[in-house]
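Novice: Got a structure for you, questions after.
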Amino acid sequence: MPHKDLLDIAALTREEIEHLLDQSAPFKELFTRSVKKVPALKGKSVLMLFYEPSTRTHSSFEVAAKRLSADVTNFDVAQSSVTKGESVRETVETLQAMRTDFVIVRHRSSGLPGVIAKLTKASVINAGDGTHAHPTQALLDAFTIKENFPNPAGKKVLITGDILHSRVARSTSCILKKLDLDVAYLGPGSLVPKVGPENIRRFTNYDEAMKWGPDIVYLLRVQMERQDVQYFPSLREYHKLYGITEARLEDIRKRGLYIMHPGPVNRGVELCDAVMDYERSLINDQVENGIAARMAVLYWLKPGGH
Ligand code: CP
11 MPHKDLLDIA ALTREEIEHL LDQSAPFKEL FTRSVKKVPA LKGKSVLMLF YEPSTRTHSS
71 FEVAAKRLSA DVTNFDVAQS SVTKGESVRE TVETLQAMRT DFVIVRHRSS GLPGVIAKLT
131 KASVINAGDG THAHPTQALL DAFTIKENFP NPAGKKVLIT GDILHSRVAR STSCILKKLD
191 LDVAYLGPGS LVPKVGPENI RRFTNYDEAM KWGPDIVYLL RVQMERQDVQ YFPSLREYHK
251 LYGITEARLE DIRKRGLYIM HPGPVNRGVE LCDAVMDYER SLINDQVENG IAARMAVLYW
311 LKPGGH
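Structure representation (structure tokens):
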């Protein structure tokens with residue numbers, strides 16, 4: 011049964027997740043054709059409401075909507091009446107009067123897309139809210155893993171870095187657990203919350219985490235902009251203890267592990283330059299798959315009231 015909104019991976023059943031992953035494959039296949047567009051959402055309108063910066067999510071939603079033949083409007087927060095004190099509620103009510111079908115929201119406040127979803131009949135898609143959730147990132151990550159491991163149950167994914175502030179860690183570990191993968195967290199004790207999902211191992215030492223035997227090392231950016239206090243001595247120290255240095259990359263290559271990262275990357279912090287050229291880096295695949303996964307979501311959701 012299609013949903014009106016996509017706010018969080020936790021709200022989806024395993025069957026719904028598998029349906030969306032299955033639907034992403036034919037959309038990706040479309041990218042190899044000379045005409046990359048289908049008329050599935052012809053006549054529908056998509057509004058991009060990004061209160062926080064984004065490169066990948068914003069551009070891939072825009073491409074996804076256009077490949078489905080929807081009309082896309084970019085709400086430019088910096089040029090809008092938001093700068094004159096207009097509330098999110100007023101903005102959404104104004105936009106509701108325009109009868110948009112889909113609203114794609116990114117905001118620094120956790121839970122805000124859910125508030126907007128209650129105010130509008132449009133389908134609301136959470137494109138990342140504070141430290142809470144990033145459901146389409148989780149879908150594209152799971153799709154990328156399934157491309158490399160068609161039967162991924164039991165595979166081990168080590169999520170490394172700033173878990174505490176990461177909506178990606180929350181959503182991606184949720185989807186991977188729903189698909190029966192084994193997930194562990196690695197990072198400084200101050201950035202790996204002790205509370206939270208109980209069936210996820212926590213490591214604070216890189217070598218111990220490697221002994222666990224991951225199939226995929228999933229790197230996260232250290233989100234300096236969300237850190238109100240200092241969680242570790244320095245970025246140089248972080249790179250030394252947890253970053254993928256050239257020596258660690260060599261070991262990862264010998265073990266045949268895959269590397270993933272949601273972007274944007276901090277070179278010299280969570281990874282060295284050479285990771286970007288590593289033959290088992292899936293970072294560019296994740297970007298490409300973001301379009302297919304988001305097409306599947308737009309195609310599946312059912313806006314109400316139109
Ligand atoms: N992965 C991700 O959300 O990247 P952007 O911030 O560039 O959208």
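Quick note, my numbering runs 10 ahead of the 1-based positions in the sequence shown.
Idealized CB from N, CA, C, for every residue including glycine.
Computed from a predicted model, the values in this text were never measured in an experiment.
Taking only the alpha-carbon atoms, compute the straight-line gap between Leu308 and Pro162 and give it to the nearest angstrom.
Specialist: Reading the sequence shown from its first residue, position 298 is the one you call residue 308. Reading the sequence shown from its first residue, position 152 is the one you call residue 162. Rounded to the nearest angstrom, the two C-alpha atoms are 25 Å apart.
Novice: Is Thr67 near Gly300, with beta carbons less than 9 Å apart?
Specialist: In the sequence shown, the residue the question calls residue 67 occupies position 57. In the sequence shown, the residue the question calls residue 300 occupies position 290. Against a cut-off of 9 Å, the Cβ pair of Gly300 and Thr67 comes out as a contact.
Novice: Can you tell me whether Asp8 is buried or exposed, with buried defined as 16 or more other CB within 10 angstroms of its CB?
Specialist: Since the first residue shown for the chain is 11 and the last is 316, residue 8 is missing from the structure and cannot be characterised.
Novice: Since Ile169 contacts Thr182 with CB under 8 Å, what's their CB separation in whole angstroms?
Specialist: Residue numbering aside, residue 169 sits at position 159 when the sequence shown is read from its first letter. Residue numbering aside, residue 182 sits at position 172 when the sequence shown is read from its first letter. Between Thr182 and Ile169 the Cβ distance is about 7 Å, and since that is below 8 Å, they are a contact.
Novice: Are Met270 and Asp151 close, meaning C-beta to C-beta below 9 Å?
Specialist: Here residue 270 refers to the residue found at position 260 of the sequence shown. Here residue 151 refers to the residue found at position 141 of the sequence shown. Cβ distance < 9 Å, so Met270 and Asp151 count as in contact.
Novice: Note down, in chain order, each residue of its chain lying with its Cβ closer than 8 Å to the Cβ of Lys165, except the 5 sequence neighbours on either side.
Specialist: Looking up residue 165 in the sequence shown gives position 155. Within the same chain, Lys165 has close Cβ partners Ile155, Phe159, Leu191, Asp192, Asp225 and Ile226.
Novice: Is the CB-CB distance between Ala194 and Arg212 below 9 Å?
Specialist: Taking the sequence shown and counting its residues from 1, one reaches residue 194 at position 184. Taking the sequence shown and counting its residues from 1, one reaches residue 212 at position 202. Yes, these two residues count as a Cβ contact at 9 Å.
Novice: My parser needs the beta strand (DSSP E) runs of 3 or more residues fully inside the segment 101-173; what are they?
Specialist: 112-117, 133-139 and 166-170
Novice: Does the separation of the CB atoms of Asn209 and Lys187 fall below 9 Å?
Specialist: Start at 1 with the first residue of the sequence shown, and residue 209 comes out as number 199. Start at 1 with the first residue of the sequence shown, and residue 187 comes out as number 177. Against a cut-off of 9 Å, the Cβ pair of Lys187 and Asn209 comes out as a contact.
Novice: In its own chain, which residues sit with a C-beta less than 6 Å from the C-beta of Arg290, not counting the 5 before and 5 after it?
Specialist: In the sequence shown, residue 290 corresponds to position 280, counting from 1. Excluding residues within five positions, the ones whose Cβ falls inside 6 Å are Tyr268.
Novice: Considering only the beta carbon of each residue, do Ala303 and Leu17 sit closer than 9 Å?
Specialist: In the sequence shown, residue 303 corresponds to position 293, counting from 1. In the sequence shown, residue 17 corresponds to position 7, counting from 1. It is not a contact, given that the beta carbons lie outside the stated cut-off.
Novice: Let me make sure I understand the geometry here. Which of Gly266, Gly223, Val275 and Gly171 has the alpha-carbon closest to that of Leu251?
Specialist: Counting from one through the sequence shown, the residue named residue 251 turns up at place 241. Residue Gly171 is the option with its Cα nearest to Leu251.
Novice: Is it true that the segment 88-102 meets the segment 67-80, where meeting means three or more beta-carbon pairs spaced less than 8 Å apart?
Specialist: With a cut-off of 8 Å, the segment 67-80 and the segment 88-102 do not count as touching, because too few Cβ pairs lie within range.
Novice: So is the beta-carbon of Gly140 under 8 Å away from any non-hydrogen atom of the ligand CP?
Specialist: Here residue 140 is taken as the residue at index 130 of the sequence shown, counted from 1. No, the beta carbon of Gly140 sits no closer than 8 Å to any heavy atom of the ligand CP.
Novice: Mark Val205 as exposed unless 16 or more other C-beta atoms lie within 10 angstroms of its C-beta, in which case mark it buried.
Specialist: The residue you call residue 205 lines up with position 195 of the sequence shown. It is exposed - the Cβ of Val205 has fewer than 16 other Cβ atoms within 10 Å.
Novice: Taking a contact to mean a Cβ-Cβ separation below 9 Å, would you say Tyr228 touches Leu259 in this structure?
Specialist: Here residue 228 refers to the residue found at position 218 when the sequence shown is read from its first residue. Here residue 259 refers to the residue found at position 249 when the sequence shown is read from its first residue. Cβ atoms of Tyr228 and Leu259: not closer than 9 Å.
Novice: Indicate, with yes or no, if the ligand CP has a heavy atom lying under 8 Å from the CB of Pro63.
Specialist: By 1-based counting over the sequence shown, the position of residue 63 is 53. Flag set: Cβ of Pro63 near the ligand CP.
Novice: Phe41: buried (16+ other C-beta within 10 angstroms of its C-beta) or exposed?
Specialist: Counted from its first residue, the sequence shown places residue 41 at position 31. Answer is exposed; the Cβ neighbour count stays below 16.
Novice: What three-state label does DSSP hand Thr65 in the structure shown?
Specialist: One-based indexing of the sequence shown puts residue 65 at position 55. Looking at Thr65 - three-state DSSP - the assignment turns out to be coil, as it is neither helix nor strand.
Novice: What is the residue span of the alpha helix (DSSP H) that Leu31 lies within?
Specialist: For the purposes of this step, residue 31 is taken as residue 21 along the sequence shown, with counting starting at 1. First-last of the alpha helix (DSSP H) with Leu31: Arg24 to Leu40.
Novice: Is any non-hydrogen atom of the ligand CP found closer than 8 Å to the C-beta of Val275, if you look at the structure I gave you?
Specialist: For the purposes of this step, residue 275 is identified with residue 265 of the sequence shown, where counting begins at 1. No, the beta carbon of Val275 sits no closer than 8 Å to any heavy atom of the ligand CP.
Novice: Starting from Asn299, trace the alpha helix (DSSP H) both ways and give me its first and last residue.
Specialist: On the sequence shown, residue 299 is found 289 positions in, with the first residue counted as 1. Ile293 to Trp310 is the extent of the alpha helix (DSSP H) around Asn299.
Novice: Do Ile114 and Leu59 count as a contact pair if the criterion is CB distance below 9 Å?
Specialist: The sequence position of residue 59 within the sequence shown is 49, counting from 1. The sequence position of residue 114 within the sequence shown is 104, counting from 1. Yes, the pair counts as a contact, with Cβ atoms nearer than the cut-off.
Novice: Look at the Cβ atom of Glu280, then the Cβ atom of Arg246, and state whether they are nearer than 9 Å.
Specialist: Here residue 280 refers to the residue found at position 270 when the sequence shown is read from its first residue. Here residue 246 refers to the residue found at position 236 when the sequence shown is read from its first residue. No.
Novice: Could you check whether Val98 and Leu122 sit closer than 9 Å to each other, using their CB atoms as the reference points?
Specialist: Within the sequence shown, the letter at position 112 stands for residue 122. Within the sequence shown, the letter at position 88 stands for residue 98. It is a contact, given that the beta carbons lie within the stated cut-off.
Novice: Roughly how many angstroms separate the alpha carbons of Ser34 and Pro145, rounded to a whole number?
Specialist: Taking the sequence shown and counting its residues from 1, the one referred to as residue 34 is at position 24. Taking the sequence shown and counting its residues from 1, the one referred to as residue 145 is at position 135. Their backbone Cα atoms lie some 14 Å apart in a straight line.
Novice: Is Val134 buried or exposed, if buried means 16 or more other CB atoms sit within 10 Å of its CB?
Specialist: For this step, residue 134 is matched to residue 124 along the sequence shown. It is buried - the Cβ of Val134 has at least 16 other Cβ atoms within 10 Å.
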